[in-house]
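Undergrad: The structure that follows is given in the form of structure tokens.
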Amino acid sequence: MPTIVADLIDRALAGFDALAATAEPVADELQYVTDLDTVWRARLRAVAAARGTEPAPPGAEAALDALVEEAGRITDPHRAIDWLSTLPQVALAALGEGA
Amino acid sequence: MRFMEARPDGRAIVYAHIQADPLVARAAGLLAGATTVQRLLARAAMNGESTDPATWRTMFPTLFGPAAPAPGDPVRDRSEAILQASLLVADRGEQTRSQFRGAIVEALTERLLAERAGPEPVRRERRILFDGRPAEIHPYDVTVERDGAGEAWDCKWGARGIKADVLHQLDDARRGAADENLKLVVGLVIFDARRSCEVRLVREKGPVALDGLKLIALEGLDRLAGRRPA
Chain A
0 MPTIVADLID
10 RALAGFDALA
20 ATAEPVADEL
30 QYVTDLDTVW
40 RARLRAVAAA
50 RGTEPAPPGA
60 EAALDALVEE
70 AGRITDPHRA
80 IDWLSTLPQV
90 ALAALGEGA
Chain B
0 MRFMEARPDG
10 RAIVYAHIQA
20 DPLVARAAGL
30 LAGATTVQRL
40 LARAAMNGES
50 TDPATWRTMF
60 PTLFGPAAPA
70 PGDPVRDRSE
80 AILQASLLVA
90 DRGEQTRSQF
100 RGAIVEALTE
110 RLLAERAGPE
120 PVRRERRILF
130 DGRPAEIHPY
140 DVTVERDGAG
150 EAWDCKWGAR
160 GIKADVLHQL
170 DDARRGAADE
180 NLKLVVGLVI
190 FDARRSCEVR
200 LVREKGPVAL
210 DGLKLIALEG
220 LDRLAGRRPA
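In structure tokens form, the structure reads like this:
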């Protein structure tokens, strides 16, 4: 059974959650982290709603796996905040979507 | 309204060495002609952990996958060159690469503005003085100095760099020009997604009227050059 877009969005969101947890110690940026979470989660979910049952585009599954793995390597909370913006953009690009 | 050279402090002198590094000019040159996804590759790789190019090629199938242009195609070659330059930046160590990234965004902005306005009026690290107003201490990253069509831009690597003091300084310059019946375009160039910039702006704006401020995010960088986004 081919991987569908919704599966890859779920993986991206799992990577996003891990980054949010890494970013948590930066108390001054809690509001920004929350805001990023709100807008990017909504954007990713909108793609899942529109294209969720489509087969994943060529290369997208490996791309998302590499992306989530890279996000898991981020241990610095400040860099994790930056990656909370980067990860969804890269995930969307792999799925052929704009940010 | 007058533009003038900023007096370099200690930080500026150190930073000038970064700005003059050939890697900054190389990266800016590559990114000036890049697509949005190629610019996103640079953003991710310059601030990533992995230094293996294969990891990044896998992560960007539209640039390096089977459906991407073949090696030897100019678009593919640019993707490879951007990846190589980005990993060189990433390899510099945490503090240095942060400075490189900032310098690259400034150099990229300068190139794109020069494409539209010509190289002569585009300047770096300049202060703007207004009659009867105290001068701001911090210089503007890039200015376009033309009679009746001045511009002042602050450049940031990420949306998190948008802070209240930055917005206040840009707004102050715009209002100073308006008081002298002059037009000054002020704005932010952010090497990050517009979506992230907008949520940051809303929280940081304070009393600043955002309708007087231009926001150029990663997806819209070509607008600085007067081009439509690639």
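As given, the protein sequences belong to chains A and B, one line each in that order. If you use numbering that gives the first Met the number 0, the first sequence closes out at 98, no skipped numbers anywhere. If you use numbering that gives the first Met the number 0, the second sequence closes out at 229, no skipped numbers anywhere. Each residue gets a CB set at the ideal place from its N, CA and C atoms; glycine is no exception. Keep in mind the model is a prediction, meaning the values are calculated, not measured.
Using a Cβ cut-off of 9 angstroms, pull out every chain B residue sitting near Glu69 (chain A), in sequence order please.
TA: Numbered from 1 along the first sequence, position 70 holds the residue referred to as residue 69 (chain A). Ala43, Gly47, Glu48, Ser49, Thr54, Trp55, Met58, listed in chain order.
Undergrad: Let me see if you follow: with CB-CB separation under 8 angstroms, is Pro65 (chain B) close to chain A or not?
TA: Taking the second sequence and counting its residues from 1, the one referred to as residue 65 (chain B) is at position 66. Closer than 8 angstroms to some Cβ of chain A, the Cβ of Pro65 (chain B) qualifies, so yes.
Undergrad: Please state the DSSP three-state secondary structure of Leu12 (chain A).
TA: Indexing the first sequence from 1 puts residue 12 (chain A) at position 13. Helix.
Undergrad: Note down, in chain order, every chain B residue with its Cβ under 9 angstroms from the Cβ of Arg50 (chain A).
TA: Reading the first sequence from its first residue, position 51 is the one you call residue 50 (chain A). Chain B residues near Arg50 (chain A): none, gap ~16 angstroms exceeds 9 angstroms.
Undergrad: Could you run through the stretch 0 to 29 of chain A and flag, in chain order, every residue whose CB is less than 9 angstroms away from some CB of chain B?
TA: Going along the stretch 0 to 29 of chain A in chain order, one finds Glu28 with a Cβ nearer than 9 angstroms to chain B.
Undergrad: What is the DSSP secondary structure of Gly92 (chain B), counted as helix, strand or coil?
TA: For the purposes of this step, residue 92 (chain B) is identified with residue 93 of the second sequence, where counting begins at 1. Of the three classes helix, strand and coil, the one that applies to Gly92 (chain B) here is coil, per DSSP.
Undergrad: For Val288 (chain B), count neighbouring Cβ atoms within 10 angstroms of its own Cβ and tell me buried if that reaches 16, exposed if not.
TA: Chain B is shown from 0 up to 229; residue 288 (chain B) falls before or after that span and cannot be answered.
Undergrad: Given this structure, state the Cα-to-Cα distance separating Val81 (chain A) from Arg159 (chain B), to the nearest angstrom.
TA: Against the first sequence, residue 81 (chain A) aligns to sequence position 82. Against the second sequence, residue 159 (chain B) aligns to sequence position 160. The identity of residue 81 (chain A) in the sequence shown is Asp, whereas the question assumes Val. Roughly 7 angstroms separates the two Cα atoms.
Undergrad: Using a Cβ-Cβ cut-off of 7 angstroms (strictly less than) and excluding sequence neighbours within five positions of Arg227 (chain B), which residues of its own chain qualify?
TA: Here the question's residue 227 (chain B) lines up with position 228 in the second sequence. Answer for Arg227 (chain B): Asp221, listed in chain order.
Undergrad: Using a Cβ cut-off of 9 angstroms, pull out every chain B residue sitting near Ala61 (chain A), in sequence order please.
TA: In the first sequence, counting from the first residue as 1, residue 61 (chain A) sits at position 62. By Cβ distance, chain B contributes Thr57, Met58, Pro60, Gly64.
Undergrad: According to DSSP, Glu4 (chain B) sits in a beta bridge with which residue or residues?
TA: To locate residue 4 (chain B), count along the second sequence from 1; it is residue 5. According to DSSP, which records beta bridges pairwise, Glu4 (chain B) is partnered with B:Arg125.
Undergrad: Report the neighbours of Val46 (chain A) on chain B: residues whose CB is nearer than 8 angstroms to its CB, in chain order.
TA: To locate residue 46 (chain A), count along the first sequence from 1; it is residue 47. Within chain B, no residue comes near Val46 (chain A); the closest Cβ sits about 13 angstroms away, beyond 8 angstroms.
Undergrad: Rounded to whole angstroms, what's the CA-CA distance from Val36 (chain B) to Leu62 (chain B)? Just pull it up for me.
TA: On the second sequence, position 37 is the one that residue 36 (chain B) refers to. On the second sequence, position 63 is the one that residue 62 (chain B) refers to. Approximately 8 angstroms between the Cα atoms of the pair.
Undergrad: What are the boundary residues of the beta strand (DSSP E) that Asp140 (chain B) is part of?
TA: Taking the first residue of the second sequence as position 1, residue 140 (chain B) is located at position 141. 139 to 143 is the extent of the beta strand (DSSP E) around Asp140 (chain B).
Undergrad: Given this structure, state the Cα-to-Cα distance separating Glu93 (chain B) from Gly47 (chain B), to the nearest angstrom.
TA: Reading the second sequence from its first residue, position 94 is the one you call residue 93 (chain B). Reading the second sequence from its first residue, position 48 is the one you call residue 47 (chain B). Their backbone Cα atoms lie some 10 angstroms apart in a straight line.
Undergrad: Which residues, in order along the stretch 161 to 176 of chain B, keep a beta-carbon less than 8 angstroms from a beta-carbon of chain A?
TA: Under the 8 angstroms Cβ criterion, the stretch 161 to 176 of chain B contributes no residue.
Undergrad: Among A:Thr52, A:Ala47, A:Arg10, A:Leu35, which has the Cα closest to the Cα of Ala70 (chain A)?
TA: For this step, residue 70 (chain A) is matched to residue 71 along the first sequence. Closest by alpha carbon: A:Arg10.
Undergrad: For Gly110 (chain B) and Leu87 (chain B), what's the separation of their Cα atoms in angstroms?
TA: In the second sequence, residue 110 (chain B) corresponds to position 111, counting from 1. In the second sequence, residue 87 (chain B) corresponds to position 88, counting from 1. This sequence places Arg at residue 110 (chain B); Gly is not what is there. Arg110 (chain B) and Leu87 (chain B): Cα-Cα distance of roughly 21 angstroms.
Undergrad: The alpha helix (DSSP H) spanning Leu200 (chain B) covers which residue range?
TA: Sequence index remark: in the second sequence, residue 200 (chain B) carries index 201 (1-based). Segment 193 to 203, the alpha helix (DSSP H) holding Leu200 (chain B).
Undergrad: Which residues of chain B have a Cβ atom closer than 7 angstroms to the Cβ of Leu66 (chain A), listed in chain order?
TA: For the purposes of this step, residue 66 (chain A) is taken as residue 67 along the first sequence, with counting starting at 1. Result: Met58.
Undergrad: If contact is defined by three or more beta carbon pairs under 8 angstroms, each pair taking one atom from either stretch, is the stretch 3 to 19 of chain B in contact with the stretch 16 to 35 of chain A?
TA: Result no; under three Cβ-Cβ pairs closer than 8 angstroms.
Undergrad: Determine whether the Cβ of Leu35 (chain A) lies closer than 8 angstroms to any Cβ atom of chain B.
TA: Position 36 of the first sequence holds residue 35 (chain A). Cβ-Cβ to chain B under 8 angstroms: yes for Leu35 (chain A).
Undergrad: Per DSSP, Val184 (chain B) is paired with what?
TA: The count along the second sequence starts at 1 and reaches residue 184 (chain B) at position 185. Per DSSP, B:Glu150.
Undergrad: Compare the Cα-Cα distances from Leu43 (chain A) to each of A:Asp6, A:Met0, A:Ile73 and report the closest residue.
TA: Taking the first residue of the first sequence as 1, we reach residue 43 (chain A) at position 44. Of the candidates A:Asp6, A:Met0, A:Ile73, the one whose C-alpha sits nearest the C-alpha of Leu43 (chain A) is A:Asp6.
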